[in-house]
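Numbered per the UniProt record's numbering, the sequence shown spans residues 20 to 350. The beta-carbon is built from N, C-alpha and C at its ideal position, and this holds for glycine as well.
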Amino acid sequence: DAAINRIAAGEVVERPASAVKELVENALDAGANRIDIAIADGGKTLIRVADDGCGIRADQLPLALSRHATSKIDGSDLLDIHSFGFRGEALPSLGAVGRLTITSRVSGQDAAQIAVSGGQMGPVKPAALTGGTVVELRDLFFATPARLKFLRTDRAEMQAISDTIKRLAMAEPFVGFTLRDVSGGGEGRVTFRADPETGDLFDALHGRLARVLGAEFAENALKINAEREGFLLTGYAALPTYSRGSAIAQYLFVNGRPVRDKLLVGALRGAFHDFLSRDRHPAAALFVECDPHLVDVNVHPAKSEVRFRDPGVVRGLIVSALRHALADAGH
Ligand code: ADP
Ligand code: MG
20 DAAINRIAAG EVVERPASAV KELVENALDA GANRIDIAIA DGGKTLIRVA
70 DDGCGIRADQ LPLALSRHAT SKIDGSDLLD IHSFGFRGEA LPSLGAVGRL
120 TITSRVSGQD AAQIAVSGGQ MGPVKPAALT GGTVVELRDL FFATPARLKF
170 LRTDRAEMQA ISDTIKRLAM AEPFVGFTLR DVSGGGEGRV TFRADPETGD
220 LFDALHGRLA RVLGAEFAEN ALKINAEREG FLLTGYAALP TYSRGSAIAQ
270 YLFVNGRPVR DKLLVGALRG AFHDFLSRDR HPAAALFVEC DPHLVDVNVH
320 PAKSEVRFRD PGVVRGLIVS ALRHALADAG H
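Structural data, given as structure tokens:
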């Protein structure tokens, strides 16, 4: 029901960047190798995500837009944070608060399209598309004007979108990403581009971090690869000699998804204590892999928060891995 959808959607879709995150995660879940994101007016008038993933069958399109009907998680998997989204709520929510059009083509079948606007779903129609899926979201929050007032400037919303894309790009180095600002119409301006990386996971990650965090980070980055009590830690970290203006580049990923946790800030500070200065911060992109039962995701899914059951073990693992990497590098 449209009214209920709008209320629920207002809680899960906070701003254009949260819509972008859901759509890009869907593209990743669909096995995409390339994802193109086009944004107009900070995402307020247009968000378009095109992928070359598996596509959605024509007869499944209405289902994809129905609340809870399509969740990739069944009850037994609620702890599996590989499926980090709204659990079957993203597309229905976006269709409730904006004008959503999905065009998709499964290999060997004809392309089809469905539109939903302010919660009102249209029929499935034939469409033209060579493959994959294009999701277009126009006029976000047109159906909930109160929400519009909370949005920041186009520039600030675009910055948040860009940060979201860069986090996802770090987590998926074998996938190619482009972000374009199409505010002026036409092909627009490419504001971020990362081609698919090759090689083993560390090669690929190193290449991707050079792309996202800059060559200076990549040159100074220490390789991290450690394990403790069921937690696997990999990634790269650079000493505070690396300074990227005033921006603090400290990224943590848990089971492949970007998360925000102060634990990383503290661990970096602890490990690099002797090297810290006021205007220089350590930079890092670290990946924790663990059994999903060792993390709590019962926090708001849209906020990308996790809570480790035993944060002390993870903090200890990070600190000791960073210290070892420093020692190996001769510090
Ligand atoms: P969830 O991702 O939690 O299942 P969503 O509302 O985000 O819920 O998506 C609903 C369903 O639509 C997905 O389960 C998937 O089957 C399908 N879907 C959405 N986006 C894509 C895409 N880009 N490619 C292929 N299938 C998709
Ligand atoms: Mg989803």
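Between the ligand MG and the CB of residue 246, the shortest heavy atom gap is not smaller than 7 Å.
Relative to the ligand ADP, residue 154 has its C-beta within less than 7 Å of a heavy atom. Distances between the C-beta of residue 187 and the heavy atoms of the ligand ADP are all 7 Å or more. In this structure residue 329 is exposed. Its beta-carbon is surrounded by fewer than 16 other beta-carbon atoms within 10 angstroms. For residue 44, the shortest separation between its Cβ and any heavy atom of the ligand MG lies below 7 Å.
Rounded to the nearest whole angstrom, the C-alpha separation of residue 125 and residue 224 is 30 Å.
Here residue 123 has 74, 75, 152 as same chain residues with Cβ atoms under 6 Å from its own Cβ, once five neighbours each way along the sequence are excluded. Under the DSSP assignment, residue 159 falls outside any alpha helix (DSSP H); it carries neither an H nor an E label. With contacts defined as CB atoms closer than 8 Å, residue 156 and residue 58 fail to qualify as a contacting pair.
In the three-state scheme derived from DSSP, where H, G and I count as helix and E and B as strand, residue 337 is classed as helix. When secondary structure is reduced to three states using DSSP, residue 306 falls in the strand class. Not one heavy atom of the ligand ADP lies closer than 7 Å to the C-beta of residue 311. Only residues of its own chain outside the window of five on either side were considered, and among them 268 have a CB closer than 6 Å to the CB of residue 232, listed in chain order.
Spatial neighbours of residue 188 in its own chain (CB-CB distance under 7 Å, excluding positions within 5 residues in sequence) are listed in chain order as 196, 213, 227, 231. At least one heavy atom of the ligand MG is found less than 7 Å from the C-beta of residue 41. In this structure, 32 is the residue among 234, 331, 32, 257 with its C-alpha nearest to the C-alpha of residue 109. In this chain, residue 43 is not harboured by any beta strand (DSSP E); it is covered by the alpha helix (DSSP H) spanning 35-48.
As for any alpha helix (DSSP H) of minimum length 4 sitting wholly inside the stretch 188-274, the runs are 220-232, 234-239, ordered along the chain. Counting along the chain, residue 119 sits inside the beta strand (DSSP E) bounded by residues 118-124. Boundaries of the beta strand (DSSP E) harbouring residue 277: 276-278, taken from the DSSP string. Taking a contact as a CB-CB distance under 8 Å, the pair residue 287 and residue 280 does not count as one, their CB atoms being some 12 Å apart.
Shown here, residue 129 sits in coil according to DSSP, grouped into three states, outside any helix or strand. Taking residue 40 as reference, the option from 136, 176, 148 with the minimal CA-CA separation is 176.
Beta bridge pairing from DSSP links residue 65 with 59, 157.
Sequence-distant Cβ neighbours of residue 208 in its own chain, meaning closer than 6 Å and more than five residues away, are 200. Pairing residue 312 with residue 246, the inter-Cα distance amounts to about 17 Å. Among the bridge pairs identified by DSSP, residue 326 is matched with 315.
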